[in-house]
Each structure stands twice: as structure tokens, then as C-alpha cells.
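Visitor:
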Amino acid sequence: MSVAMNRQKKVTTHVLSEMKHNKEKIAMLTAYDYSLAKIVDQAGIDVILVGDSASNVMAGWETTLPITLDQMIYHGASVVRAVNRALVVVDLPFGTYQGNSKEALTSAIKIMKETAADSVKLEGGAEVVESVKRIISAGIPVMGHLGLTPQSIHKFGTYTVRAKQEEEAKKLIEDAHLLQEAGCFGIVLEKIPAKLAEQVAKELTIPIIGIGAGSGVDGQVLVLHDMLGINQEFSPRFLRRYHNLFAEITGAVSGYIEDVKSVDFPSDREQY
Ligand code: KIV
1 MSVAMNRQKK VTTHVLSEMK HNKEKIAMLT AYDYSLAKIV DQAGIDVILV
51 GDSASNVMAG WETTLPITLD QMIYHGASVV RAVNRALVVV DLPFGTYQGN
101 SKEALTSAIK IMKETAADSV KLEGGAEVVE SVKRIISAGI PVMGHLGLTP
151 QSIHKFGTYT VRAKQEEEAK KLIEDAHLLQ EAGCFGIVLE KIPAKLAEQV
201 AKELTIPIIG IGAGSGVDGQ VLVLHDMLGI NQEFSPRFLR RYHNLFAEIT
251 GAVSGYIEDV KSVDFPSDRE QY
């Protein structure tokens, strides 16, 4: 099969598992809206995460906590309408699954029904295992998220690297195994030492996707707006910027303002 044909094949959780098995790295990015999701999907990304980082990126909140289930569903449905190939994962937002496993299942079902996404993601280890099992038993694929878990920012107090100490590293490894045993199809590891992330990726059979977790994992995820350089304020060490859209957009908007003020726009050819 040619590369071009292969690109059109819908990515499933089974495909991701095969990619890990074949040592093919998985490329994942966030998206929150139809227009950008369409570009990202057509460019050939494997997984699109409708992350609760929408709370920061789209709504301007300082943390991911304020975003609601209905707001996540709005973003998720917009992305799903644009995507042909990528696997779409939608984050369960803060407060919609931590109560108990019944609440978690109800929230996951609402996301699946109202977005038509392929799967959900939630943060945490042992404390969410019962919820993970209950969601999976309803036929919904679940991705885990360990390490820096932004929904718990008020518990930790900072966004610094996690699991540097032995005890926290040991708990992270145990949690990763628990999530795999519970049936998660993959786990995001955020901002932890590269060696620890590599160890988890080696021990587990499911794909491990890193963000600030080094190169020894099965794939990488970045926030789209960060890697495109739209967001200027956020510059963690793990972020590689592939563009400076902030400068490009500023230039375009400045040019438009100038043209409107000088009545250069619209020209004769741009009116009826
Ligand atoms: O919400 C998000 O964008 C995420 C990524 C940082 C993994 O969870």
C-alpha cells in the first residue's frame, strides 16, 4: 500500500497498538475547532486530542478547571466534523468524573453521544481505575494521563517536573500498570524525567505518549497553539515552536488596518 493510501486509513486504537508494536512513533496534537482540526487531520496527524487545555487556549482561563462538559462537547463535536483519518480523543473535564464511577460513565457517554469522538481521556492513577473500568465496560476507549496532571494544580501548587523523587516515580509506574490492566488503550505522560518515561514505555504494552517526557516513549503530543507559535507567553523547555504565527497574524492584521485606513481596501476589483 502506498504512503498516500495508508494516510487515508482511519486511525483506531488497534492501529496505535500496531504502531507501538512496529516501533512507529505516534504523532498527536491538540485541536479545538473545525478549521484547524481539518488542517491538522489532512496533514496526516495520527491522534487529535480535544484537550481541556481549551480552557487556557480558547477561553483564556489560567487553569483547566473552569471548562465545562458542554463546552468540551462543543469543541469535540466541532473537531469530529472536520476529521477523516485521525483518532479523536476528548478530555473529560474537571469535576465530571472524580465523584464516582457512575458519574464518570455518564460524562463519558454524554461526550461519545454528542461529539461522535472515538475515545475519552482522564487524569489520574489508582484513584480513577474503577471509573476507567466502568467506562471501558460500556465500550468506550479510555486514555490515561499521569505525571503533571493540570486538573490537580491546586493540590500540587506548581507546574514543575513531576516524579523526580523515587517515591513519586514508583507510584507513577504502579499507576501506569493499573491503567493498562484496567484496559486503557494508551497513556499520556506529562512533564516527567525522560528516563522514567522510557522505563514506563518499555514495561507497558500500550502506547505511551509524552509531553515533556523525552524521546524514549511511543509518541509525542503538543498543544497546537504552542507549537504554531500563536501563544508567546508559554515557553517551557519541552516546547519546540514550528512557526511564529503570532508575528504572521500581527503582520496580516496590521496590513489590513493600514489598507482600511488608507482606503486601499477594498479596491475597484474587490467591490460590486
Ligand atoms: O489538555 C491537554 O492539552 C492535554 C495535553 C497537554 C496532553 O492534556
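Under our numbering, the letters of the sequence shown match residues 1 to 272, in that order.
Positions of the beta carbon are idealized from the N, C-alpha and C atoms, including for glycine.
Quickly, what does DSSP pair Val-126 with across the bridge? List them, please.
Guide: First, the amino acid is wrong: residue 126 is Ala here, not Val. In DSSP, Ala-126 forms no bridge with anything.
Visitor: Check the DSSP bridge columns for Glu-190 and list the partner residues they point to.
Guide: In DSSP, Glu-190 forms a bridge with Gly-147, Ile-211.
Visitor: Could you tell me whether the region 61 to 75 touches the region 97 to 106, where touching means 3 or more Cβ pairs closer than 8 Å?
Guide: Touching, no.
Visitor: Is any non-hydrogen atom of the ligand KIV found closer than 8 Å to the C-beta of Thr-115, if you look at the structure I gave you?
Guide: No, the ligand KIV has no heavy atom inside 8 Å of this Cβ.
Visitor: Relative to the C-alpha of His-145, which candidate in Ile-208, Asp-41, Ser-107 has its C-alpha closest?
Guide: Of the candidates Ile-208, Asp-41, Ser-107, the one whose C-alpha sits nearest the C-alpha of His-145 is Ile-208.
Visitor: Beta carbon of Ala-169, beta carbon of Leu-196: below 9 Å?
Guide: Yes, the Cβ-Cβ distance between Ala-169 and Leu-196 is below 9 Å.
Visitor: Measure the CB-CB distance between Ala-104 and Val-128 and report whether it falls below 9 Å.
Guide: Yes, these two residues count as a Cβ contact at 9 Å.
Visitor: I'd like the span of the alpha helix (DSSP H) that includes Met-112, first residue to last.
Guide: From DSSP, the alpha helix (DSSP H) with Met-112 extends over 101 to 115.
Visitor: Counting only the same chain and skipping the five closest in sequence on each side, list residues whose C-beta sits under 6 Å from that of Glu-130.
Guide: Ser-101, listed in sequence order.
Visitor: With respect to the beta strand (DSSP E) encompassing Gly-219, which residues constitute its N-terminal and C-terminal limits?
Guide: First-last of the beta strand (DSSP E) with Gly-219: 219 to 222.
Visitor: Helix, strand or coil: how does DSSP classify Val-3 here?
Guide: Residue confidence is low: Val-3 scores 48 on pLDDT, short of 50, so the model does not pin down where it sits. Its coordinate-derived value is still stated next. The answer is helix: DSSP assigns Val-3 an H, G or I state.
Visitor: Is Thr-30 helix, strand or coil when you go by DSSP?
Guide: Here Thr-30 sits in strand by DSSP.
Visitor: Could you pull out every residue in the same chain whose Cβ sits closer than 6 Å to the Cβ of Leu-358, ignoring the five residues on either side in sequence?
Guide: Since the first residue of the chain shown is 1 and the last is 272, residue 358 is not available in this structure.
Visitor: I need the DSSP call for Asp-46, collapsed to helix, strand or coil.
Guide: Reduced to three states, the DSSP call for Asp-46 is coil.
Visitor: Does the distance from the CB of Val-47 to the CB of Val-11 come in under 9 Å?
Guide: Yes.
Visitor: Can you give me the start and stop residues for the beta strand (DSSP E) that Leu-87 sits inside?
Guide: Its beta strand (DSSP E) spans residues 87 to 91.
Visitor: Run the CB neighbour count on Thr-68, radius 10 Å, all protein chains shown included, and call it buried at 16 or more, exposed below.
Guide: Result: exposed.
Visitor: When we look at the beta-carbon of Pro-266 and count the other beta-carbons within 10 Å, is it buried (16 or more) or exposed?
Guide: Exposed: under 16 other Cβ atoms inside 10 Å.
Visitor: Can you have a look at Gly-60 and say buried or exposed, based on whether 16 or more other CB atoms are within 10 angstroms of its CB?
Guide: The residue is exposed, with fewer than 16 neighbouring Cβ atoms inside 10 Å.
Visitor: Terminal residues of the continuous beta strand (DSSP E) containing Val-120?
Guide: Note, Val-120: beta strand (DSSP E), 119 to 121.
Visitor: Could you give the first and the last residue of the continuous alpha helix (DSSP H) run that contains Gln-180?
Guide: Start and end: 166 to 182.
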